[in-house]
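K.L.:
Numbering (this note's numbering), first residue to last: 21 to 315.
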Amino acid sequence: MRTALSGLSVARPRTLAQALKLMQGDAGGTRPTPLAGGTDLLVYLNAGTHPGQAFIDLWGLREIEGVRVGARGVTLGALTTFTTIREHAALRRRFPALTAAAAEVGARQIQNRATVAGNIANASPAGDSLPALMALDAIIRVRSLRGERDIPMGALYRGYRDLALSPDELITAVGVPFAPPRSVQFFRKVGTRRAQSISKVVMAGVLRLGRDGRVDHVRMAWGSVAPVTMLAGRAEEALLGARPSRATAAAAREALMRDIAPIDDIRSDRGYRLAVAGNVLEQFLRTADARFARD
Ligand SMILES: Cc1cc2nc3c(=O)[nH]c(=O)nc-3n(C[C@H](O)[C@H](O)[C@H](O)COP(=O)(O)OP(=O)(O)OC[C@H]3O[C@@H](n4cnc5c(N)ncnc54)[C@H](O)[C@@H]3O)c2cc1C
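1) Applying the 10 Å Cβ sphere with the 16-neighbour rule, what's the burial state of Ala267?
2) Which of the three DSSP states is assigned to Glu189 in this structure?
3) Starting from the N-terminal side, write out each stretch of the alpha helix (DSSP H) that is 4 residues or longer and does not extend beyond the stretch 116-187.
4) Where are the alpha helix (DSSP H) runs, 4 residues long or more, that stay fully inside the stretch 197-273, in chain order?
5) Among Leu28, Ala98 and Pro197, which has the Cα closest to the Cα of Glu83?
6) Closer than 7 Å to a non-hydrogen atom of ligand 1 - does that hold for the CB of Arg163?
7) State yes or no: is the C-beta of Leu165 within less than 8 Å of the C-beta of Leu81?
8) Please report the Cβ distance between Ser244 and Pro116, rounded to the nearest whole angstrom; I am assuming they are in contact, meaning their Cβ atoms lie under 8 Å.
9) Examine ligand 1 and report whether any of its heavy atoms sits within less than 7 Å of the Cβ of Arg316.
10) I need the boundaries of the alpha helix (DSSP H) containing Ala67, first residue and last residue.
11) How many angstroms separate the CA atom of Ala368 from the CA atom of Ala252?
12) In terms of residues, what are the limits of the beta strand (DSSP E) holding Leu81?
13) If you drop the 5 nearest sequence neighbours on each side, which residues of the same chain put their C-beta closer than 6 Å to that of Thr192?
14) Would the stretch 197-208 count as touching the stretch 221-233 if we require 3 or more Cβ pairs under 8 Å?
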């Protein structure tokens, strides 16, 4: 049954400090839910699946918006939308995997409202920006009245939709370090159709060949193949130190099958996801190989 919207309360703090105070909850123990672009939350409210009645509208908080480019990487304010990410010149140049992911989040209307922190906090294993952020070793900055801390993206998800975030903490920013020089970035989403579908398999990778022609840096992050977005540690190990070859690709593919644990659900089945994940891995390696041969 649909949630009756009229019964809901929305606080509009003007500063981050006010928002963090509200995140403490009231004397009765009720804690409001942060609301950013609303593209996930309003779907849940419409479906009647979100239990909360009180919300904090973060949209007006200037302190947690904007993109800052530094010497070692960029900082994305929590409210950075996917439109901003896909259109930002420096991000397009330095983080092609992330801007490619941003361009795949729903349609333009969704990208105008959907925020990077909302995608992260929603914690869907199919979230499109999550593999890109994870492969790029992003750091999630969170804050409460107790202080600020950084959580590496690879340690954020403890289980299905279970984040290493305390109930009073807000995500304020996402730090993305520049990928190693000369590395190749890759992003691939496989859905039912080319655009506007939820992924059956989504993957982002970063790979570099050292001067000796062997892989000296590799990250591969996967979505929709496990309860959480995850790095494929065994497959990365199979590639590290190896020269690109058919045998290397086969070994990495075999290792990947032991990393991931896809399920059958309404969007796809386990067998299809395993086969597609293996093909995507090989496409990543071919793409990287071609780029290194060219450059
Ligand atoms: C039609 C449609 C198509 C979509 N297509 C895609 C798609 O292709 N790929 C994809 O990945 N997603 C897709 N989505 C999902 C959604 O757009 C994204 O997950 C989006 O990034 C959510 O961001 P938001 O700002 O709208 O979050 P909201 O809906 O405002 O919030 C989502 C969750 O994050 C929490 N939250 C928000 N900001 C913070 C913060 N700063 N700190 C702590 N918690 C916070 C909220 O409390 C809530 O639990 C789609 C949604 C719709 C409606």
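Every residue gets a Cβ at the ideal spot worked out from N, C-alpha and C, and that includes glycine. The structure presented is a predicted model; accordingly, all values stated were derived computationally and were not measured.
P.N.:
In brief:
1) exposed
2) coil
3) 116-122, 128-133, 136-142 and 149-155
4) 253-259
5) Ala98
6) no
7) no
8) Ser244 to Pro116, Cβ: 21 Å. No contact.
9) Because the chain spans 21 through 315 in this model, residue 316 falls outside it and cannot be assessed.
10) Leu61 to Ala67
11) Nothing about residue 368 can be read from this structure; the chain reaches only from 21 to 315.
12) Per DSSP, Leu81 belongs to no beta strand (DSSP E) and is neither H nor E.
13) Ile84, Ala98, Arg161 and Arg163
14) yes
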